[in-house]
Amino acid sequence: MKLKVPVNSYEAAVKQIEAGADEIYMGLEDAHFTRMSYSARAQIVSSGIHSNLTEDEFVKSVEYAHSKNVIVNFTANCQHVTKSEYDFYRKGYIEYVRHGIALGADALIIADIGNLIALRKNGIETPVIAGSYFNCFNRETIHFLKQLHVFRVCVPDQVTYSEIKALKESTDLEIEIFAGYGCSNIAGMCKFYHNSGETIHIGVPCRAKFSRNGQESINILDACPDCAICSIPKLYDLGIDSLKLIGREMPIEEVVQVTRMYHTTIKQYIATGTLNKNEIISSISWWEDSMCCERCKYEDTPLTRSYI
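As structure tokens, then:
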């Protein structure tokens, strides 16, 4: 089981690899855009954090990662590239991908059928991971993506353990799942807030409390599963190939803590065949209060039982 983590700077790459990353994923800043990018994140998110790397940072991160035998995944996972005059955006997307490959990326994260087909038509044969925006909820979707020659599929947050087991047993493609913070909405379908270059910072609306007619404020949209620590043993035994953490738009200090925790969890289970949960979660002071409240991603909870 590989631990795949986000990187938004050279400093982040070094710290994430030191914390135990087996794979990193990152994107490049692009002169075609002021705010947006081809990597499904804004160049600079509302908090002021740069979610993509400069070319110099990217090259240094690739060199450092490869010196530590860490795989580099290149984010080219925008959901679609629209038609434009002289096919400007499509050509820009192909150029962006080729540039990332030339700088040393080992694999591409792609999230759109049209983009994937366009890359293949343009002779780009770099290994491809089907990103979560493909919404691979079933075996037929995975079979379809296999025909497009992807080698790994990232399944959505809202897939239960039993469903993951069925998907894993149905294919020889690698299966990647999310481990950390989840989402209330199906990937790519959220109409709230995406850190895609908005000039306002309104937090995460689906986690907010709402009141109606003066009644008490409650969480009515929050369906976010956020933790997979206790599920690591059964996920490892199932043969899950990649455990993905999110956070390109987050402060690196926070993300590194989570990377280190999951790395420790995996290594402890491999070494001992068991987990000391209290010891593991004590490494982050706020984890138990925030996460140990039926926010489990792959356990039987009221949240996972509510999935349709």
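Residue numbers (our numbering): -9 to 298. Yeah, the Cβ is synthetic: ideal placement off N, Cα and C, and Gly gets one too. Remember, predicted model here, so these are calculated numbers, not experimental data.
Between the alpha carbons of residue i and residue j, how many angstroms are there, rounded?
| i | j | result |
| --- | --- | --- |
| His56 | Ser296 | 42 Å |
| Glu85 | Asn112 | 10 Å |
| Leu35 | Cys68 | According to the sequence displayed, residue 35 carries Val and not Leu. Each residue's Cα considered, the two are about 15 Å apart. |
| Ser51 | Phe124 | 27 Å |
| Asp46 | Ile271 | 36 Å |
| Ser(-1) | Leu43 | 5 Å |
| Asp102 | Ala218 | 27 Å |
Helix or strand or just coil, what does DSSP make of residue i?
| i | result |
| --- | --- |
| Ser57 | helix |
| Phe127 | coil |
| Ser232 | strand |
| Thr65 | strand |
| Phe78 | helix |
| Leu106 | helix |
| Leu265 | coil |
| Cys282 | coil |
| Val248 | helix |
| Val71 | coil |
| Lys(-8) | strand |
Among the options, which one has its Cα closest to the Cα of residue i?
| i | options | result |
| --- | --- | --- |
| Ile222 | Phe168, Asn203 and Cys68 | Phe168 |
| His22 | Phe141, Ser280, Ala66 and Tyr83 | Tyr83 |
| Asp77 | Asn63, Ala108, Gly113 and Pro215 | Ala108 |
| Thr294 | Pro215, Met281 and Val4 | Pro215 |
| Glu153 | Ile14, Tyr288, Gly10 and Leu(-7) | Tyr288 |
| Gly237 | Gly193, Lys81 and Val248 | Val248 |
| Leu18 | Thr72, Pro(-4), Ile274 and Phe64 | Phe64 |
Use the C-beta contact count for residue i: other C-beta atoms within 10 angstroms, 16 or more gives buried, fewer gives exposed.
| i | result |
| --- | --- |
| Arg92 | Looking at the sequence shown, residue 92 is not Arg but Ala. Classification for Ala92: exposed. |
| Arg31 | buried |
| Asp147 | buried |
| Gln137 | exposed |
> What are the start and end residues of each continuous beta strand (DSSP E) run of 3 or more residues lying completely inside the region -6 to 60, in chain order?
Replying inline: Qualifying beta strand (DSSP E) stretches, in chain order: 13 to 16.
> Which whole runs of the beta strand (DSSP E) in the region 136 to 177 are 3 residues long or more, in chain order?
Replying inline: Secondary structure in the region 136 to 177: the beta strand (DSSP E) runs of 3 residues or longer, each lying completely within the stretch, are 142 to 144 and 164 to 168 in chain order.
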